[in-house]
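Presented below is the structure to which this report refers.
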Amino acid sequence: MGQPIIATTANNIALVAEMCDSDPHITIEQLATSLTLSTGSVHAILTKHLDSKEDPGENCKKLLEKYDQCDERRLFEICTDDETWIRYSEPTRKEQNKVWIVKASSPPALPRPDHWATKVMYTIFFESHGPVCQICTPKGQTVTGHFYATVVLPEIEKHYIERRPATGLRGIKILHDNARPHKSKEVKEKIASIGLEGLKHPPYSPDLAPSDFWLSMGSKST
Numbered sequence: 022m023g024q025p026i027i028a029t030t031a032n033n034i035a036l037v038a039e040m041c042d043s044d045p046h047i048t049i050e051q052l053a054t055s056l057t058l059s060t061g062s063v064h065a066i067l068t069k070h071l072d073s074k075e076d077p078g079e080n081c082k083k084l085l086e087k088y089d090q091c092d093e094r095r096l097f098e099i100c101t102d103d104e105t106w107i108r109y110s111e112p113t114r115k116e117q118n119k120v121w122i123v124k125a126s127s128p129p130a131l132p133r134p135d136h137w138a139t140k141v142m143y144t145i146f147f148e149s150h151g152p153v154c155q156i157c158t159p160k161g162q163t164v165t166g167h168f169y170a171t172v173v174l175p176e177i178e179k180h181y182i183e184r185r186p187a188t189g190l191r192g193i194k195i196l197h198d199n200a201r202p203h204k205s206k207e208v209k210e211k212i213a214s215i216g217l218e219g220l221k222h223p224p225y226s227p228d229l230a231p232s233d234f235w236l237s238m239g240s241k242s243t
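Numbering (the working numbering), first residue to last: 22 to 243.
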């Protein structure tokens with residue numbers, strides 16, 4: 022039997038939306054653990070109550086068509102990122118909690134993860150040549166559109182001007198998700214003003230950002 026339908030309350034929907042906005046790369050399993058919900062309930066909230074209007078498949082199709090006939094070196098011009106909360110006390114993942122126990126005995130009690138514990142937002146931008154920039158958000162600072170436009174994007178611009186003084190950001194595409202700061206008017210204007218090209222990304226989908234499947238997860242398990 023799954024989690025009762027009461028799990029999809031307005032409060033839980035708001036919490037899932039807030040956590041996804043804070044960490045767009047958070048997994049269904051992490052959401053379920055933090056909110057003490059079943060993965061089915063979290064999936065229902067994401068798909069039925071936070072439904073996006075954009076078809077992820079359409080974005081994939083457009084990108085495939087865009088690069089189908091081009092020189093593969095054009096793919097090296099994509100700069101993508103990964104953002105994750107780094108907690109001062111990182112909870113263990115479900116697979117790390119597995120233990121061998123004697124039949125009929127109870128497993129050891131595990132502390133409930135505290136999603137609101139002290140943490141810092143870590144952002145890394147990288148491309149095929151390696152890291153572009155790494156930023157830890159200062160204590161008390163939230164990642165707003167203004168912060169993204171005035172702190173994060175200038176770091177990207179600085180990197181390419183130093184590495185490619187003759188061409189700078191010319192031809193560079195930026196692939197980031199649809200978190201609210203990334204979609205702000207100030208950010209879009211900044212991207213256009215420095216000569217970056219933004220690639221479309223389907224909401225709440227890691228399909229077009231492979232780093233979601235390994236970067237943060239790998240760094241937290243070490």
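We treat Cβ as the ideally placed atom computed from N, Cα and C, and that holds for glycine.
Should Ile-99 and Leu-196 be called a contact, given that it needs their Cβ atoms to be closer than 8 Å? Taking 8 Å as the cut-off, the Cβ atoms of Ile-99 and Leu-196 count as close.
The alpha helix (DSSP H) that contains Glu-50, what's its start and end? Per DSSP, Glu-50 belongs to the alpha helix (DSSP H) from 49-56.
Would you mind working out which of Cys-154, Gly-61 and Arg-201 sits nearest Glu-183, comparing C-alpha positions? Minimum Cα-Cα distance from Glu-183 among the listed residues Cys-154, Gly-61 and Arg-201 corresponds to Cys-154.
In angstroms with no decimal places, state the Cα-to-Cα distance between Glu-39 and Lys-211. Each residue's Cα considered, the two are about 25 Å apart.
Buried versus exposed, by CB contacts within 10 Å (16 or more), Pro-152: Exposed.
Ile-107, buried or exposed, once every other Cβ within 10 Å from all chains shown has been counted against 16: With a 10 Å radius around the Cβ and a threshold of 16 neighbouring Cβ atoms, Ile-107 comes out exposed.
Please return the same chain residues whose Cβ sits closer than 8 Å to the Cβ of Lys-194, not counting the five positions on each side in sequence. For Lys-194, where only same-chain residues beyond five positions count, the Cβ hits under 8 Å are Glu-98, Ile-99, Cys-100, Leu-217, Glu-218, Gly-219 and Leu-220.
Count the other C-beta atoms from every protein chain shown that fall within 10 angstroms of the C-beta of Gln-51, then say buried if there are 16 or more, exposed otherwise. So Gln-51 counts as buried.
Classification of Ala-213 by the beta-carbon crowding that lies within 10 angstroms, buried from 16 upward: So Ala-213 ends up on the exposed side.
Could you check the C-alpha separation between His-64 and Leu-56 for me, to the nearest Å? Distance between the alpha carbons of His-64 and Leu-56: 13 Å.
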